[in-house]
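Residue numbers (the numbering used here), protein chains in the order written: chain A, 874 to 1279; chain B, 232 to 555; chain C, 680 to 1198.
We put the beta carbon where it would ideally sit given N, CA and C, even for glycine.
Here you go:
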């Protein structure tokens, strides 16, 4: 037994450290994702998503560039969930591994440090997991994101409620003091004002808070029609629980993060009913795209066949696959492996995929794909209820007051 | 003869370091810059932790102050050039260190360590919540500068200045007094050493170096957030580098930073997923077997005449510090 | 021995330091209680007094390490009562520490140079000049050969020299020496005396705290006696040692009576009101120590010690400070591993056994300084003693027995041990020892820091325990007290047993006075 450990380690090192043996006609992407550290799980989703798309495309014979078939491969490094490592690794990928296309890291902060490096070397990067405005407000030409920006996370929810009920007037927004959530919260508040609603309450709470009752008491006094939360799963759970205890009963309540994960229902049981959650993507969406899987359902089925351990497929997986699809389409369109030409092709891209529309605005961000809204309904299931054109089911509205429920 | 050879060797090394940006890829250069910045922080920590013997666990606070001051002065309405902004950051750090040092340097041992941890955490909270100035958790964006050589040469310059400062310090009365405080504070007082003054000076010096490293890193990373610039990782790295190299020695922090950076780069490129564990094990082995750092192994030669480094020295050290 | 320079001529009435009404309280306890003291320029002032008399605390107050609760200090005409300690050093005062405080990682030269850098003339010197100055001082104290060694490599004698060299490098006018001779052997003491005299002849006024009576008598111009934080006598050394008050304070009450009754055989053996040990039982040998060698690091403290303790005996181990009594107890209980020789207990070889095995075998050590768990209650402290016991049903019974022997502990059972008075702590420590149901109890410095009355009752307790069958090996500074309560005694001097015999014989032996007082 003792002997096997070093041997296994060595083997492991060889497998991981060895450069993928590349044939002449392989396009190598580079990616620095978090495989250790605090976002290791999400980093793994990202890697699985990239790999799944690459494998699927390769199984179909690769991609066609200027009449020649190329296989795809990805060189990975671990950024340890530290954004300062990302810059270093992108330098390494470009300088030492001679990578000419970058797939983005996980998270807004690392994407933010990767972007200027790509800019410096004029190497295009498509990222799938960093939606903060700050990355796209600097005029970078080589950085693109397939996902909807943070500002738009709760936009759909406001649209949904307004389409159901013309009489809504007031909104309260709660946000975690953390870059992504702050943008979600301020984006939601701005959009509400733009739509003529009155934002009666807008406040940030510290990361890792254990009590929001003071904020909720305040909100109760304002009696808003809609309560929106921008934070993480634990915060959403806390807000729902304390809202029930304090009798905060708006007509609609929704969160940027939380309701889409299974823990939300497990934790709140029937109290989770009627709650809305924003998500980049669900497998219930009725998109019909031009890619190997066509529909979200098709993607989910194929992915599960390959990764049986996955239950729900996290949207990070899907958006990462979508980034690879977008890249390969742009390369095909450019008909060249020249980074500058590929960059222009990406900027001009407009395709429909299983993930939704992929098209970049002048800043490089995909503002054309709407955020989906899910609702937990009293039958114990979760339905995609927005956008209406691709929804599974109609939303239940308004949310009954806590004391009026069975 | 020996001296001439040493000087020639040193000059050759210096020439190599100066010529380095032309010789290596910009990724390698970035790695070397990281090493220099770590060396700079470790040199700072060495003053308070190595020479004076106070386990400062919150030096990242000054790293953060340096980063924020540099960044905030460079953007907004001032648009101060980088170097004056950096100097202001270093100065402010020294000031904060003096004001905080006066009360917390009275504490000893782990109480001091915990107090410094608290200082770092408090400053991180300030940066996180003082939205109107620091933009809170969103952080601030500095002007973009992508020339790797600039950061490399700046860091190299600071590290060389740091070496000269440390060498002067270790020969000065100030350095001698600080070491006396480390060895026995009561004895130091009875020897006529104004312990409070000396400790505060050493602490402020360490803050200045941390601030320089912080400002430089801020300009290099272009984005400064409380989460990234007040995290304990930096404190731990500077302590580990100093201890690996040899706390309370002139070259130790730089040597330790080099070894740490080399190790982490190597381990990291060989083990994609297990590297933090493996690096951790290597650091533990270092500290178990060479608790007083590499410089003590190399330094024996100096103390005991002409004895070159021998494996038996290393083993003797291992035996002497074996955990029984 | 080379001839000493002649004494510096003294101007009568010229004082270098005047201390008035110095009081230092720790909590409610006055360690120094209103001491008036004058140090004359150029003299050697010797200071004696029992442990806990406040000698070191007084020096701490003089040198600014502790701020006196009340009183004023005038040095060279300047009030320095509130001056911080580092500045006092620069004014021309220096000290050594009883427990040496070398700068461990530094070389001998660097240690001394630090003194030269920051002392009275430190500001005149650069760091390099200070290093040069250090070499000269090292020459003077005979440490020149050691200048390149780090302090950790030095023997205890050289560490004491280093302590002195550091102080001398500060160019002091007044130097406080706190037990620089403790732990030195006879010949070392003589060298130290010569060195101290030389220092004085070079113009440094000295304040010397010392337990080695032979030394203090040999060098002091005047002698001051402190007791319970007060000055009880001062004057010519010869007169002082014959003063009954001093004998009573320093040598013990019974010893004083004994001295007074010198020549009258019958008066000596008056039993008083104290319990006395019953006649020695002719038991088997319980503890046998053979040719024991022990010490710390490279410092040898015990050099070939052999002794035996029979079952149900009380044996007293006496000797001067630093003779090695504590080291012997530590080595017997294997808290310190012997370098040579053997320890047998109840026929079993326990040399180099683990200390918990030794406790398991029935040897329990009540260490000097008590070492109670200050944050636990008295009852919890007592229960720590049953750690190795398995007969749980009898533990409660034993606890009751200890409470009946020491009723004060029962009253205080719920109090934190840290809040107890010194005497109560000592009782608690002994109680904890008894809770392990020892066959052999090793007690180190029973009377240390305790009022005589407390000592008496503790001695009664030990006699009581012994009657119930426990064997006791007792280390005690108060020779008379120890021997009155023991069956037999051993005299330890600089790491060797120099004398042994029945307690009563030892009590009559004039050599005991020499071993203990160095007279």
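Asked	Found
Measuring only the C-alpha atoms, how far is residue 952(C) from residue 1111(C)?	Here residue 952(C) scores only 34 on pLDDT, less than 50, and its place in the model should not be relied on; the value that follows carries that caveat. The alpha-carbon atoms of residue 952(C) and residue 1111(C) are separated by roughly 27 Å.
In the structure shown, what three-state DSSP assignment does residue 1015(A) receive?	coil
Looking at the secondary structure, which residues open and close the beta strand (DSSP E) in which residue 906(C) lies?	901-906
Can you list, in chain order, the residues of its chain whose CB lies under 8 Å from that of residue 894(A), leaving out five sequence neighbours each side?	Low confidence applies here, because residue 894(A) scores a pLDDT of 46, under 50, leaving its location unreliable and the question unanswered by this model.
Sorted by chain position, which residues of the same chain lie with C-beta nearer than 6 Å to residue 1178(A)'s C-beta, five sequence neighbours on each side aside?	none
Assuming residue 985(C) is part of the beta strand (DSSP E), what are its boundary residues?	978-989
Going by DSSP in three states, residue 1136(A) sits in which element: helix, strand or coil?	helix
Please go through the segment 337-391 of chain B and give each complete alpha helix (DSSP H) segment of 4 or more residues, from N-terminal end onward.	340-360, 362-365
Which of helix, strand or coil does DSSP assign to residue 489(B)?	helix
Which chain B residues sit within Cβ distance under 7 Å of residue 964(A)?	257, 258, 261
Are at least three pairs of beta-carbons, each pair with one atom in the segment 1119-1127 of chain A and one in the segment 1004-1024 of chain A, less than 8 Å apart?	no
Shortest alpha-carbon distance to residue 327(B) belongs to which of 290(B), 313(B), 486(B)?	290(B)
With H, G and I counted as helix, E and B as strand and the rest as coil, what does DSSP make of residue 705(C)?	strand
For residue 943(C), does the three-state DSSP call read helix, strand or coil?	Only weak support is given to the placement of residue 943(C): the predicted model assigns it a pLDDT of 40, under 50, and the value that follows is read from those uncertain coordinates. Three-state result, residue 943(C): coil.
In terms of residue numbering, what span does the alpha helix (DSSP H) encompassing residue 1034(C) cover?	1034-1040
Any beta-carbon of chain C closer than 8 Å to the one on residue 410(B)?	yes
Is there at least one Cβ from chain A nearer than 8 Å to residue 407(B)'s Cβ?	no
Please report the distance separating the alpha-carbon of residue 229(B) from that of residue 243(B).	Residue 229(B) lies beyond the stretch modelled for chain B, which goes from 232 to 555, so this question has no answer here.
Which bits of chain A does residue 557(B) rub up against, with CB to CB less than 8 Å?	As shown, chain B starts at 232 and ends at 555. That puts residue 557(B) outside it, with no answer to give.
Cβ of residue 1034(A) within 8 Å of Cβ of residue 1099(A)?	yes
Residue 466(B): which of 441(B), 475(B), 449(B) sits nearest, CA to CA?	441(B)
Please list, in chain order, all residues of the same chain as residue 771(C) whose beta carbon is under 6 Å from its beta carbon, the five residues on each side excluded.	799, 851, 852
Is it buried or exposed, residue 764(C), if we count other Cβ atoms within 10 angstroms and call 16 or more buried?	buried
Spatial neighbours of residue 699(C) within its chain, please: C-beta separation below 7 Å, excluding the five flanking residues on both sides.	715, 750, 751
Along chain A, in chain order, which residues have C-beta atoms closer than 8 Å to that of residue 504(B)?	889, 908, 909, 951
Indicate whether at least one CB of chain B lies closer than 8 Å to the CB of residue 989(A).	yes
Measure the Cβ-Cβ separation of residue 974(A) and residue 1215(A) and say whether it is below 8 Å.	yes
According to DSSP, simplified to helix, strand and coil, what is residue 772(C)?	strand
Taking the alpha-carbon positions, what's the residue 1152(A) to residue 1247(A) distance?	7 Å
Does chain B have any CB closer than 8 Å to the CB of residue 839(C)?	no
Taking any Cβ of chain B, which residues in the segment 974-988 of chain C have a Cβ under 8 Å from it, in chain order?	none
Using beta carbons (cut-off 8 Å, strictly below), is residue 418(B) in contact with chain C?	yes
Cα separation between residue 956(A) and residue 1142(A)?	37 Å
Among 967(A), 1054(A), 986(A), 1083(A), which one has its Cα closest to the Cα of residue 1075(A)?	1054(A)
Apart from the five residues just before and just after residue 1093(C), which ones in its own chain have a Cβ nearer than 8 Å to its Cβ?	1056, 1057, 1058
Could you check what DSSP says for residue 885(C) in three-state terms: helix, strand or coil?	strand
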